[in-house]
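Protein chains in written order, with my numbering: chain A, 2 to 116; chain B, 2 to 114. Beta carbons are placed, not taken as given, at the ideal position from N, Cα and C, and that holds for glycine. For clarity, every value in this text was computed on a predicted model and none was experimentally measured.
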Amino acid sequence: AQSVTQPDIHITVSEGASLELRCNYSYGATPYLFWYVQSPGQGLQLLLKYFSGDTLVQGIKGFEAEFKRSQSSFNLRKPSVHWSDAAEYFCAVGARGGATNKLIFGTGTLLAVQP
Amino acid sequence: DVKVTQSSRYLVKRTGEKVFLECVQDMDHENMFWYRQDPGLGLRLIYFSYDVKMKEKGDIPEGYSVSREKKERFSLILESASTNQTSMYLCASSEPRGQETQYFGPGTRLLVL
Chain A
2 AQSVTQPDIH ITVSEGASLE LRCNYSYGAT PYLFWYVQSP GQGLQLLLKY
52 FSGDTLVQGI KGFEAEFKRS QSSFNLRKPS VHWSDAAEYF CAVGARGGAT
102 NKLIFGTGTL LAVQP
Chain B
2 DVKVTQSSRY LVKRTGEKVF LECVQDMDHE NMFWYRQDPG LGLRLIYFSY
52 DVKMKEKGDI PEGYSVSREK KERFSLILES ASTNQTSMYL CASSEPRGQE
102 TQYFGPGTRL LVL
């Protein structure tokens, strides 16, 4: 069965510092991979996704993620964090070849940004 | 611009009441989803629909039902609300292919007293 692990429940970084949020998945083949962000009181917004090709994926708001098949990981990175990046971040996986596009979400990482 | 709307942002109900949560999308998407979000548990799929009048159970369907009479509208029904259904409920829609993005509504925070 598919599963997603986000090992960090809560992360605090200083504004301007770099950021890496971890995501590990369990799936028998290469899944579709997504990162979503949820600002306080809002729904989820897609940051980026991977489904084939280049393993380094660029997203919105200066985020990127790298798919590493050997490590079953899809970590999210940003070189310089802004205060507005404070939010909750969710990694998700979807199965290939299915009739629908159900996703399995991780439990989320809450990011706090210090001035 | 893509839009998913949910009928209420906040809702307070009493135990045993029948509760309807409505979701409307304007993107002509085939797939629609209902999730609940709880701290430390992430998003869990309750039900999804891949066409009008078609539905399939997700991971936690117990205590819930759904209705999809029109393509743009997907309703989540709590037949008899209980306190353990206090949660944030998120609706999403998408095209049916696996790599397609799910677009989310703003959520309904339900409190059952």
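Nearest-angstrom Cα distance between Leu45 of chain A and Cys24 of chain A? 17 Å
Assign Arg70 of chain A to one of three DSSP states: helix, strand, or coil. DSSP places Arg70 of chain A in the helix class (H, G or I) of the three-state scheme.
What did DSSP end up calling Asp86 of chain A once you bin it into helix, strand or coil? helix
To the nearest whole angstrom, what separates the beta carbons of Thr102 of chain B and Ser95 of chain B, a pair I think is in contact under 8 Å? 6 Å
DSSP beta-bridge partners for Leu111 of chain B? Leu111 of chain B is bridged by DSSP to B:Leu12 and B:Ser88.
Restricting to Cα atoms, I'd like to know which of A:Trp84, A:Leu112, A:Asn102 and A:Val58 is closest to Phe91 of chain A. A:Leu112
Have a look at B:Tyr90, B:Leu112 and B:Tyr104 and flag the residue whose alpha-carbon is nearest the alpha-carbon of Glu23 of chain B. B:Tyr90
What span of residues does the beta strand (DSSP E) with Met28 of chain B cover, start to end? First-last for Met28 of chain B: undefined, no H or E at that position.
Output needed in chain order: residues of the region 24-55 of chain A with a Cβ under 7 Å from some Cβ in chain B. Tyr33, Gln43, Gly44, Leu45, Leu47, Lys50 and Phe52
Nearest CA to the CA of Thr140 of chain A: which residue from A:His83, A:Val94, A:Thr108 and A:Ala96? This structure cannot settle anything about residue 140 of chain A, because the visible part of chain A is limited to 2 through 116.
Does Phe117 of chain A get closer than 8 Å to chain B when you measure Cβ to Cβ? In the structure as shown, chain A starts at 2 and stops at 116, and residue 117 of chain A therefore has no counterpart that could be examined.
Closest to Glu73 of chain B by CA distance: which of B:Leu114, B:Glu18 and B:Cys92 is it? Per the Cα distances, B:Cys92.
Is there a C-beta anywhere in chain B that falls below 8 Å from the one on Gly60 of chain A? no
Where Ser8 of chain B and Thr109 of chain B are concerned, what is the direct C-alpha to C-alpha distance, given to the nearest angstrom? 8 Å
Contact with chain A by Thr16 of chain B, beta-carbon distance below 8 Å: no
DSSP three-state call for Ile61 of chain A: helix, strand or coil? Reduced to three states, the DSSP call for Ile61 of chain A is helix.
On a Cα-Cα basis, can you pick out the residue from A:Val5, A:Gly42 and A:Pro80 that is closest to Arg10 of chain B? A:Gly42
Any Cβ of chain B within less than 8 Å of the Cβ of Asn102 of chain A? yes
Quick check: what's the CA-CA separation for Gln3 of chain A versus Leu46 of chain B? 14 Å
For the beta strand (DSSP E) that contains Lys71 of chain B, what are its first and last residues? Tyr65 to Lys71
Cut-off 6 Å between Cβ atoms - residues of its own chain near Pro80 of chain A, not counting five sequence neighbours on either side: Ser19
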